[in-house]
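Trainee: The sequence shown lines up with residues 5 to 250 when you count with this note's numbering.
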Amino acid sequence: MNEAELDRYSRQLLLPNFDIQGQLKLAKARVLVVGLGGLGNIAATYLATSGVGHLTLADGDQLENSNLPRQVLYNENQTGLDKVAAAAAQIALKNSAVNIETITQKLSGDALLNAVEEADVVLDCTDNFTARQAINRACLLLKKPLVSAAAIRWEGQLVSFLFHQQDSPCYECLYPSLSEQPLSCNESGVVAPVVGMLGVFQALEGLKLASGCGNVQHGVLRLFDGFEGRWREMRLTSDAECLACS
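This is the structure we're talking about:
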């Protein structure tokens, strides 16, 4: 690390369980962020400013005016642009040392498998069950750690899966046989800070996994009630009849 990097990341380097080794490992890490909406734009920003070496950003949507309350990485003058292009431009202004790769499509099939295979950590920031199931299966097949989050109305959830572990539950153990999300922000609404909060927690889990520092709880579902300001947790177990992991 050069003098400028030591100065930039000095607050992280002060942490005894992070130190320079954690920063160096983070700088070599490749993180895939699927979905650059309310969750992904926050998570990608914190990972980039923390010093992750390579970010792959994947999303097939364009930025709309109604996205701006939740997707605070973007500016008004970027409306209509591909989200990945808008995100890459903003992130590059925040940390020019990060290598940013963009995928302007909804990942599926071989393209999804290839992107997951190249990553050290995967963040699922999508907004529908079809995409989440596909990402779950790709990470399960390739034994890649997955951090998944969702938010709707005043509520959010977060869960990490460490698929290298034995008898590992997966996303489909939690939500089996669902093809589409029954609720959407378009129909049910969402409070912007709730989405941002879950994106921050995704970044935190991703940073710990990418740097090898800190404890990431495997298969623990965390549920956030933003209206009451409360968290609760439940530990998931493998479903013997799960179509993905059984």
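C-beta: ideal position from N, C-alpha, C; glycine also.
Just to confirm before moving on: does the CB-CB distance between asparagine 132 and phenylalanine 165 stay below 9 Å?
Mentor: Going by C-beta atoms, asparagine 132 is not nearer than 9 Å to phenylalanine 165.
Trainee: So which of Val194, Lys98, Gly160 has the shortest CA-CA distance to serine 70?
Mentor: Of Val194, Lys98, Gly160, the residue nearest in Cα terms is Val194.
Trainee: If you drop the 5 nearest sequence neighbours on each side, which residues of the same chain put their C-beta closer than 6 Å to that of glutamine 3?
Mentor: What is shown of the chain runs 5 to 250, which leaves residue 3 out entirely.
Trainee: Alpha carbon to alpha carbon, what distance is there between glycine 57 and alanine 101?
Mentor: One C-alpha to the other measures close to 8 Å.
Trainee: Under three-state DSSP, which class holds phenylalanine 133?
Mentor: Note: phenylalanine 133 maps to helix in three-state DSSP.
Trainee: When the distance is taken between beta carbons, is leucine 144 closer than 9 Å to cysteine 174?
Mentor: Closer than 9 Å, so yes.
Trainee: Can you tell me whether leucine 36 is helix, strand or coil according to DSSP?
Mentor: Here leucine 36 sits in strand by DSSP.
Trainee: Against chain C, with Cβ distances strictly below 9 Å, would valine 198 count as a contact?
Mentor: Here chain C cannot be found, since the structure has a single protein chain.
Trainee: Please list, in chain order, all residues of the same chain as glycine 200 whose beta carbon is under 6 Å from its beta carbon, the five residues on each side excluded.
Mentor: Ile46, listed in sequence order.
Trainee: With a floor of 3 residues, list each beta strand (DSSP E) that falls wholly inside the stretch 198-240, ordered by position along the chain.
Mentor: Segments of the beta strand (DSSP E) lying fully in the stretch 198-240: 224-229, 234-239.
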